[in-house]
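All remarks here apply to the structure that follows.
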Amino acid sequence: MPGEGPLDARIMLVGEAPGKDEDLSGKPFVGRAGKLLNSVLETVGAERDDVFVTNVVKCRPPNNRLPTMKERDTCRDAYFNRQTETLEPKLVVLLGRTAAQAVLGADSLGMVRGKIITQRMTKYLCTYHPAAVLRNPKLREVMIEDLRLIRSA
(Lines of atoms letter the chains of each structure in order from A and count residues from 1; the text may use other names and numbers.)
(Lines give C-alpha, C1' and ligand atoms only; values in the text may rest on other atoms or scores of the structure.)
Protein backbone atom coordinates (compact mmCIF):
# COMPACT_ATOMS: atom_id res chain seq x y z
CA MET A 1 0.00 0.00 0.00
CA PRO A 2 1.89 3.06 -1.21
CA GLY A 3 -0.26 5.73 0.43
CA GLU A 4 -2.67 8.36 -0.78
CA GLY A 5 -2.95 12.07 -1.12
CA PRO A 6 -1.76 14.88 -3.34
CA LEU A 7 1.74 14.37 -4.71
CA ASP A 8 2.53 18.02 -3.97
CA ALA A 9 1.34 17.88 -0.34
CA ARG A 10 3.29 20.01 2.13
CA ILE A 11 2.63 17.48 4.91
CA MET A 12 3.23 13.73 4.88
CA LEU A 13 1.69 11.63 7.68
CA VAL A 14 3.40 8.30 8.36
CA GLY A 15 2.12 5.40 10.45
CA GLU A 16 3.67 2.01 11.13
CA ALA A 17 1.84 -0.46 8.83
CA PRO A 18 -1.60 -1.15 7.39
CA GLY A 19 -4.18 -2.76 9.67
CA LYS A 20 -7.10 -5.01 8.75
CA ASP A 21 -9.39 -2.23 7.48
CA GLU A 22 -6.57 -0.67 5.49
CA ASP A 23 -5.58 -4.02 4.00
CA LEU A 24 -9.16 -4.63 2.86
CA SER A 25 -9.64 -1.15 1.39
CA GLY A 26 -6.15 -0.61 -0.01
CA LYS A 27 -6.01 2.82 1.65
CA PRO A 28 -4.14 3.99 4.76
CA PHE A 29 -5.86 5.06 7.97
CA VAL A 30 -9.46 4.22 7.11
CA GLY A 31 -10.49 2.34 10.26
CA ARG A 32 -11.13 3.71 13.75
CA ALA A 33 -7.61 5.14 13.97
CA GLY A 34 -8.12 6.87 10.63
CA LYS A 35 -11.37 8.43 11.77
CA LEU A 36 -9.64 9.75 14.88
CA LEU A 37 -6.76 11.07 12.77
CA ASN A 38 -9.21 12.90 10.49
CA SER A 39 -10.91 14.43 13.52
CA VAL A 40 -7.62 15.62 15.01
CA LEU A 41 -6.50 17.07 11.67
CA GLU A 42 -9.77 18.98 11.42
CA THR A 43 -9.30 20.28 14.98
CA VAL A 44 -5.89 21.75 14.09
CA GLY A 45 -7.18 23.30 10.86
CA ALA A 46 -5.82 20.74 8.41
CA GLU A 47 -7.71 18.67 5.86
CA ARG A 48 -7.02 15.01 5.14
CA ASP A 49 -7.33 15.77 1.42
CA ASP A 50 -4.39 18.18 1.67
CA VAL A 51 -1.88 15.74 3.20
CA PHE A 52 -0.19 12.60 1.91
CA VAL A 53 -0.84 9.63 4.20
CA THR A 54 1.28 6.48 4.22
CA ASN A 55 3.09 3.96 6.42
CA VAL A 56 6.72 3.02 6.87
CA VAL A 57 5.85 -0.66 6.32
CA LYS A 58 3.71 -1.00 3.22
CA CYS A 59 2.23 -4.47 3.87
CA ARG A 60 0.15 -5.71 6.80
CA PRO A 61 2.19 -7.90 9.16
CA PRO A 62 0.63 -11.30 9.93
CA ASN A 63 -1.96 -11.23 12.73
CA ASN A 64 -1.61 -7.43 12.87
CA ARG A 65 1.58 -7.74 14.94
CA LEU A 66 4.15 -4.96 15.13
CA PRO A 67 6.51 -4.94 12.17
CA THR A 68 9.88 -6.53 12.88
CA MET A 69 13.04 -4.46 12.69
CA LYS A 70 13.96 -6.25 9.45
CA GLU A 71 10.54 -5.43 7.94
CA ARG A 72 10.82 -1.79 9.02
CA ASP A 73 14.34 -1.42 7.69
CA THR A 74 13.58 -3.19 4.40
CA CYS A 75 10.48 -1.12 3.66
CA ARG A 76 12.15 2.10 4.77
CA ASP A 77 15.16 1.53 2.53
CA ALA A 78 13.31 0.05 -0.46
CA TYR A 79 10.26 2.33 -0.53
CA PHE A 80 9.77 4.94 2.17
CA ASN A 81 13.02 6.90 1.73
CA ARG A 82 12.50 7.14 -2.04
CA GLN A 83 8.87 8.09 -1.53
CA THR A 84 9.88 10.95 0.76
CA GLU A 85 12.58 12.11 -1.66
CA THR A 86 10.11 12.05 -4.55
CA LEU A 87 7.27 13.86 -2.77
CA GLU A 88 9.54 16.39 -1.01
CA PRO A 89 7.09 17.33 1.78
CA LYS A 90 7.91 20.33 3.94
CA LEU A 91 7.14 18.25 7.04
CA VAL A 92 6.92 14.51 7.71
CA VAL A 93 4.74 13.66 10.70
CA LEU A 94 5.72 10.35 12.26
CA LEU A 95 2.77 8.76 14.03
CA GLY A 96 3.92 6.54 16.86
CA ARG A 97 7.01 4.79 18.15
CA THR A 98 7.42 2.37 15.24
CA ALA A 99 7.57 5.17 12.66
CA ALA A 100 9.88 7.28 14.87
CA GLN A 101 12.23 4.32 15.40
CA ALA A 102 12.28 3.31 11.74
CA VAL A 103 12.81 6.79 10.32
CA LEU A 104 14.75 8.68 13.01
CA GLY A 105 16.27 5.82 14.98
CA ALA A 106 14.59 7.13 18.14
CA ASP A 107 14.87 4.79 21.12
CA SER A 108 11.54 6.00 22.45
CA LEU A 109 8.74 8.24 21.29
CA GLY A 110 9.11 10.34 24.44
CA MET A 111 12.56 11.49 23.30
CA VAL A 112 11.25 13.05 20.09
CA ARG A 113 7.52 13.67 20.57
CA GLY A 114 6.29 17.22 20.05
CA LYS A 115 9.53 18.47 18.51
CA ILE A 116 10.44 19.37 14.96
CA ILE A 117 13.65 17.55 14.10
CA THR A 118 15.65 18.11 10.93
CA GLN A 119 17.55 15.16 9.46
CA ARG A 120 18.88 14.72 5.93
CA MET A 121 17.35 18.04 4.85
CA THR A 122 13.86 16.93 5.93
CA LYS A 123 11.80 18.20 8.87
CA TYR A 124 10.07 15.62 11.05
CA LEU A 125 7.46 15.93 13.78
CA CYS A 126 6.69 12.97 16.03
CA THR A 127 3.46 12.39 17.91
CA TYR A 128 1.30 9.56 19.14
CA HIS A 129 -0.21 7.05 16.76
CA PRO A 130 -4.01 7.41 16.61
CA ALA A 131 -4.40 3.80 17.80
CA ALA A 132 -2.57 4.75 21.01
CA VAL A 133 -4.99 7.65 21.48
CA LEU A 134 -7.91 5.25 21.03
CA ARG A 135 -6.46 3.11 23.83
CA ASN A 136 -5.76 6.15 26.03
CA PRO A 137 -8.11 9.06 25.20
CA LYS A 138 -6.13 11.41 27.51
CA LEU A 139 -3.46 11.49 24.78
CA ARG A 140 -5.82 13.18 22.33
CA GLU A 141 -5.11 16.69 23.64
CA VAL A 142 -1.36 16.03 23.52
CA MET A 143 -1.65 14.82 19.93
CA ILE A 144 -3.66 17.92 19.03
CA GLU A 145 -1.00 20.19 20.59
CA ASP A 146 1.74 18.35 18.69
CA LEU A 147 -0.10 18.60 15.38
CA ARG A 148 -0.71 22.33 15.83
CA LEU A 149 3.00 22.59 14.91
CA ILE A 150 2.20 21.63 11.31
CA ARG A 151 0.92 25.17 10.76
CA SER A 152 4.44 26.52 11.22
CA ALA A 153 5.97 24.09 8.73
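Take 3 as the starting number for the sequence shown in the working numbering and just add one per residue.
For glycine and all other residues, C-beta sits at the position ideal for the given N, C-alpha and C.
Query, Result
"Would you check if the stretch 102-119 and the stretch 28-46 touch, i.e. whether three or more CB-CB distances between them fall below 8 Å?", "no"
"Determine the closest residue to G116 out of P139, R62, R99, V55, with distance taken between C-alpha atoms.", "R99"
"Going by C-alpha to C-alpha distance, which of D51, R142, D25 sits closest to N57?", "D25"
"Counting Cβ pairs, one atom from each stretch, are 3 or more of them under 8 Å apart for the stretch 50-66 and the stretch 135-146?", "no"
"Quick check on the DSSP output: the alpha helix (DSSP H) that includes C128 runs from which residue to which?", "Careful: C128 lies outside any alpha helix (DSSP H), inside the beta strand (DSSP E) at 124-129."
"Let me check understanding here. Comparing Cα to Cα, which of I146, V105, E49 lies closest to I13?", "E49"
"Tell me whether V46 sits in a helix, a strand or coil according to DSSP, three-state version.", "coil"
"Suppose the cutoff is 6 Å on Cβ atoms and the five residues either side in sequence are ignored; what does the same chain contact list for V95 look like?", "L15, L127"
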